[in-house]
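Those sequence lines, one after another, are chains A and B. The working numbering numbers the first residue of the first sequence as -16 and each following residue consecutively. The working numbering numbers the first residue of the second sequence as -16 and each following residue consecutively. Note that CB positions come from ideal geometry on N, CA and C, so glycine has one too. Shown next, in structure tokens, is the structure this report addresses.
Protein chains: 2
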Amino acid sequence: MVNMNRRVFLAASGGMSVAPFIPQTSTQAPPAEVTRMLARHVISTKFANLPAGVRKEAARTLLNWVGCAVGGSRHETVDAAISALAPFSGPGQAGILGRKERLDILRAALVNGISSHVLDFDDTHSRNIIHPAGPVISAILALSEHRPVSGSDFVTALVLGVDVECRIGNAVYPPHYDTGWHITGTAGVFGSAAASGKLLGLSERQMLWAFGLAATQPVGLQEMFGTMTKSFHPGRAAENGLTAALLASRNFTSSEQSLEAKYGWVNVVSTGHDYNYITRKLGETYEISQNTYKPFACGVVMHATIDGCIQLHNEHKLTANQVDRVELKVHPLVMQLTSKKTPQTGLEGKFSIYHAAAIALVEGGGGIAQFSDRAVRDATVTSLRDRVSTVVDSTLHEDQVRIVLTTRDGRRLEKFVEHAVGSADHPMSDRDLEMKFSGLAEGILSPDRQHQLMDLCWKIEGLPQAGSIAQAAAA
Amino acid sequence: MVNMNRRVFLAASGGMSVAPFIPQTSTQAPPAEVTRMLARHVISTKFANLPAGVRKEAARTLLNWVGCAVGGSRHETVDAAISALAPFSGPGQAGILGRKERLDILRAALVNGISSHVLDFDDTHSRNIIHPAGPVISAILALSEHRPVSGSDFVTALVLGVDVECRIGNAVYPPHYDTGWHITGTAGVFGSAAASGKLLGLSERQMLWAFGLAATQPVGLQEMFGTMTKSFHPGRAAENGLTAALLASRNFTSSEQSLEAKYGWVNVVSTGHDYNYITRKLGETYEISQNTYKPFACGVVMHATIDGCIQLHNEHKLTANQVDRVELKVHPLVMQLTSKKTPQTGLEGKFSIYHAAAIALVEGGGGIAQFSDRAVRDATVTSLRDRVSTVVDSTLHEDQVRIVLTTRDGRRLEKFVEHAVGSADHPMSDRDLEMKFSGLAEGILSPDRQHQLMDLCWKIEGLPQAGSIAQAAAA
């Protein structure tokens, strides 16, 4: 169930306004030179062109990504990747966040991309469910350790990388995803190529070649979900895009119509498309504005319940023993995806709305620790979990919940969550992001180091060297 | 024209017996565990299981590939790749054939794969037009320099790698190709993973994971034809497959049904398939037996004409001045693809049947030198070219030609070529392969070194260290 419903599970953040997708037939002529328009956009956009809100979102995206990469850095998936590939790495040009190893920039891009996705806790574009930061930041942070990159140039590259991958993703979503591709890896490679190419100062023609080299290296089948290979996808997309930009910088030629050509990326990997998503309001709106961040370490359909239960926990300071029973009214999709009554592992806990409610009431959180094997086996939690019941209510949105908690002394406490925290309509505050960051970095970086690192992320625009973020994130 | 007709151009080797393709619908259940059957085949097959003819074909495939890699090694495409990526390479674990550089094994696999394909002169599977050697040998030769691999183990891995990629290719050809994928890069990655995984001694489960990691990294859109990125495809396929095997060897997990799963490779990258091509006679027949080698440095539809003109050149020792006119009767496809009357560059010469006839009569060859800018501008050749005429004859096969040459002194010389040399029905002899090898290595390796290297290829089975081939091929 985990795998097959992944798309709807991730996409089920209520409150999103998703424009209806009208696929174009391939007999319709593409707009002239879509790839060239994107290349020109990347080449010509300057830091000064970016609205303040866009720059701020870039800092939030960066901080969230750094926290996820540090938090994931000790995962066995990362250990396996480093152990397999470090013997073939070049000089220690770039660091692995949260660890002591340094690798060449291409390997570092791969490994940091893996770390940042391995907990399934990274950012999500609200329309196309791409995880935008992984392919882009993994590449440009490594590059920034190898050659001088100012914070403002870093922000510009980050914004453009996300813009390119998400515009391309929008143009083929959902048919590309429905074909079985993992869109973060397949569209992400363009984001990495664009951002890396921007920092390398590619000419327009070289940027077109970088896109061609990116197009020819899509990464990621959905069949890999549930295995370590899923988090390989954003990492390899970062590495492939950086490779594409480096090759293009040495005039390694490629197609100059890699998106729209008859046998180009769009036609080969998608059964439908709408190029307007790529070209519309180019340079006026930036897709990073549609980025969202997960407050809780599970799929978004459980977020409203966790949000509400944490609020009840904070407001009433109840012990589990004081709770007689809890009733949740939820959208049908919640029960379709997360109806495990008695999860046995942390991973199964991510698919149990009963566990989610109980742990949030008991511990006041929904982070990594609350979806561990320890948490789902905790006697207090399992006892309370058995007193949680659900009622399906189709009038609710997917990111809403109505909670009725009855105490043993007869009180009836109600909580209606209109939009779960972290959804597009109720974004995580900067403070929320900092709390999440600290939770992820706990035990890996000292509190002082955490604050120093968050400070660097918030101040990214003004940093003389963007690479200092990677150095501050080393263990 | 070059790009769009590439498939039919390459496939137009007459005399091939191509079984009709009957695509299966995706609602039909796949045979149980196709991926596992392939993994078991790779794990269990031993050198002693390989028939003598298969082993001999492996040596021929190796010799032909080494010649192509040496011959392509000085191409600007290879220069660009090395200049872009060498700064990020690990230790000099493996050599670049025909050059002095040494790179880590993954980068070496990439660059040798590029070299070996950049002249479009490497081997071609007669059914699915995969260039089988590039993805496989580029990977395992690099690996053989890094850890001890005997010649017999090398041959076993080579045969199995080609078997895996070509069986998978057969299962989706032609619909996969017609979708726009460059099958050498997309199926080739499985060949590299299988061969590399065999040498790394993967368990069955690890081999399944290696296939999963390969499946998720297909390389190559046909849109890239005509650019340097085309030869990037077999190189990157080699590198990706080797990466997949290395990761799997450290228990980096992946799907165990990466071919046949609903969102696995076959369903995602092809609109039709027939799994029988994968499972039929597994361990009884080997696809390397269907490998062919190009005698001439151009598309196969011109090969019969070159073959016949070289025979006339050798038999009659005519000077161009003695020739009054030449008439060629050819299959219609020849004129569809190669009708340029006045080519201006070596590349255009590859699409001129007139140039091909003239240069073969004048110089008695059809190698790299005969499709150079120099050759198409040679006054003697252009003068003779203008006296070549063509007649379309639908009763001929694509690999046939009827040549009528009239001399100035009134003689009428005829030559009918029933199957061009290099076609499946008239394979190149070992001696032909050696001549081709020498032509490719000329000016890069000394004649002594050429003979030493060819000797090592012929004797591959008995070599204590297969990696000695790479060392002997260094400049």
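#### Entry: B:Lys178 versus B:Glu16 - alpha carbon distance
According to the sequence displayed, residue 178 of chain B carries Ala and not Lys. Distance between the alpha carbons of B:Ala178 and B:Glu16 is about 20 Å.
### Task
Report the partner residues of A:Gly78 according to the DSSP bridge assignment.
A:Arg85
### Query
How about the segment 89 to 107 of chain A and the segment 204 to 222 of chain A: do they share at least three Cβ pairs that are nearer than 8 Å?
Contact between the segment 89 to 107 of chain A and the segment 204 to 222 of chain A is present, because at least three Cβ pairs lie under 8 Å.
### Message
Please give me, in chain order, every unbroken run of the beta strand (DSSP E) with length at least 3 that falls completely inside the segment 259 to 344 of chain B.
### Response
306 to 313
### Task
Give the residues of chain A in contact with B:Ile88, contact being defined as C-beta atoms less than 8 Å apart.
Phe71
### Task
Ignore the nearest five residues each way along the sequence and tell me which others in A:Arg82's own chain have a CB closer than 6 Å to its CB.
Ser56 and Ala458
### Touching by the beta-carbon criterion (3+ pairs, under 8 Å), the segment 189 to 196 of chain B and the segment 226 to 233 of chain B
Touching, per the Cβ criterion.
### Task
Reducing DSSP to helix, strand and coil, say where B:Thr10 ends up.
Confidence at B:Thr10 is low in this model, with a pLDDT of 43, below 50, so the placement of that residue should be treated as unreliable; the coordinate-derived value is given next. Three-state DSSP puts B:Thr10 in coil, outside helix and strand.
### Message
Counting C-beta neighbours from all protein chains within 10 Å, is the total for A:Pro131 16 or more, i.e. buried, or is it exposed?
### Response
exposed
#### Entry: is_contact[B:Gly117, chain A] using C-beta, thresh 9 Å
no
#### Entry: Against chain A: residues of the segment 153 to 175 of chain B by CB proximity under 9 Å
Against chain A - using a Cβ distance shorter than 9 Å - the residues of the segment 153 to 175 of chain B are Thr162, Gly163, Trp164, His165 and Gly168.
### Query
Under the three-state reduction of DSSP, which class applies to B:Arg38: helix, strand or coil?
helix
### Query
In whole angstroms, what separates the C-alpha of B:Gln7 from that of B:Tyr258?
Note that B:Gln7 has pLDDT 45, beneath the 50 cutoff, so the model's placement of it is unreliable and the number below is only indicative. One C-alpha to the other measures close to 9 Å.
### Query
The alpha helix (DSSP H) spanning A:Lys419 covers which residue range?
It spans Asp413 to Ala424 - the alpha helix (DSSP H) in which A:Lys419 sits, taken as one unbroken run.
### Query
By the 10 Å Cβ neighbour count, where 16 or more other Cβ atoms means buried, how is B:Ser109 classified, buried or exposed?
buried
#### Entry: Within chain B, the residues that A:Gln200 reaches when beta carbons sit closer than 7 Å
Near A:Gln200 (Cβ distances below 7 Å), the residues of chain B are Val202 and Arg219.
### Task
Using a Cβ-Cβ cut-off of less than 8 Å, give me the residues of the segment 237 to 252 of chain A that come near chain B, in sequence order.
For the segment 237 to 252 of chain A, the beta-carbon criterion of a distance under 8 Å to any beta-carbon of chain B is satisfied by Ser237, Ser238, Gln240, Ser241, Ala244, Lys245, Tyr246, Gly247, Trp248, Asn250 and Val251.
### Task
Establish whether the CB of A:Leu182 and some CB of chain B are separated by less than 9 Å.
False, the Cβ-Cβ gap to chain B never drops below 9 Å.
### Task
Ignore the nearest five residues each way along the sequence and tell me which others in A:Ala280's own chain have a CB closer than 8 Å to its CB.
Leu102, Asp103, Phe104, Lys333, Gly349, Gly350, Ile351, Gln353 and Phe354
#### Entry: Proximal chain B residues relative to A:Arg460, where beta-carbon distance stays under 7 Å
With chain A covering -16 to 458 only, the question about residue 460 of chain A has no answer from this structure.
### Query
Since B:Lys312 and B:Val374 are thought to touch, with beta carbons under 8 Å apart, how far apart are those beta carbons, to the nearest angstrom?
5 Å
### Task
Quick one: give me the first and last residue of the alpha helix (DSSP H) that B:Ser232 is part of.
Thr212 to Ser232
### Query
Between A:Ser72 and the rest of its own chain, which residues show a CB-CB distance below 6 Å, the 5 nearest in sequence each way excluded?
Leu86, Asp87 and Arg90
### Message
Whole angstroms are fine: how far does the CA of A:Glu401 sit from the CA of B:Ile5?
### Response
Unreliable placement is indicated for B:Ile5, whose pLDDT of 45 sits below 50; the coordinate value is still reported in the next sentence. Looking at the two C-alpha atoms, the distance is approximately 54 Å.
### Task
Confirm, please, whether the CB-CB distance from A:Ser121 to A:Ala52 is below 9 Å.
yes
### Task
Compile a chain-ordered list of the residues in the segment 184 to 198 of chain B whose CB is closer than 7 Å to at least one CB of chain A.
Gly195, Leu196 and Ala198
### Task
Please go through the same chain and pick out, in chain order, the residues whose beta-carbon is closer than 6 Å to the beta-carbon of A:Ala64, but skip the five residues on each side of it.
Val94 and Ile97
### Message
Below 9 Å on C-beta distance, what does A:Thr380 contact in chain B?
### Response
First, the amino acid is wrong: residue 380 of chain A is His here, not Thr. Correct list: empty, because the minimum Cβ distance to chain B is about 28 Å.
### Task
For chain B, find out if any of its Cβ atoms is closer than 9 Å to the Cβ of A:Thr363; answer yes or no.
no
### Task
For B:Ile113, name the three-state secondary structure that DSSP assigns.
coil
### Query
So is A:Gln512 in contact with chain B if we call contact Cβ pairs under 9 Å?
No statement about residue 512 of chain A is possible, as the shown extent of chain A runs from -16 to 458 and does not include it.
### Message
Below 7 Å on C-beta distance, what does B:Met20 contact in chain A?
### Response
Correct list: empty, because the minimum Cβ distance to chain A is about 17 Å.
### B:Met(-1) in three-state terms, based on DSSP
Low confidence applies to B:Met(-1): its pLDDT is 33, below 50, so where it sits in the model is not reliable enough to give any reading.
### Query
Who are the neighbours of A:His216 on chain B, taking C-beta pairs under 9 Å?
Thr199
### Message
Here's a check: name, in chain order, each residue in its chain whose Cβ is nearer than 7 Å to the Cβ of B:Asp146, leaving out the five neighbours to either side.
### Response
Tyr269, Glu270 and Ile271
### Task
Return the CA-CA distance between B:Leu33 and B:His380, expressed in angstroms with no decimal places.
34 Å
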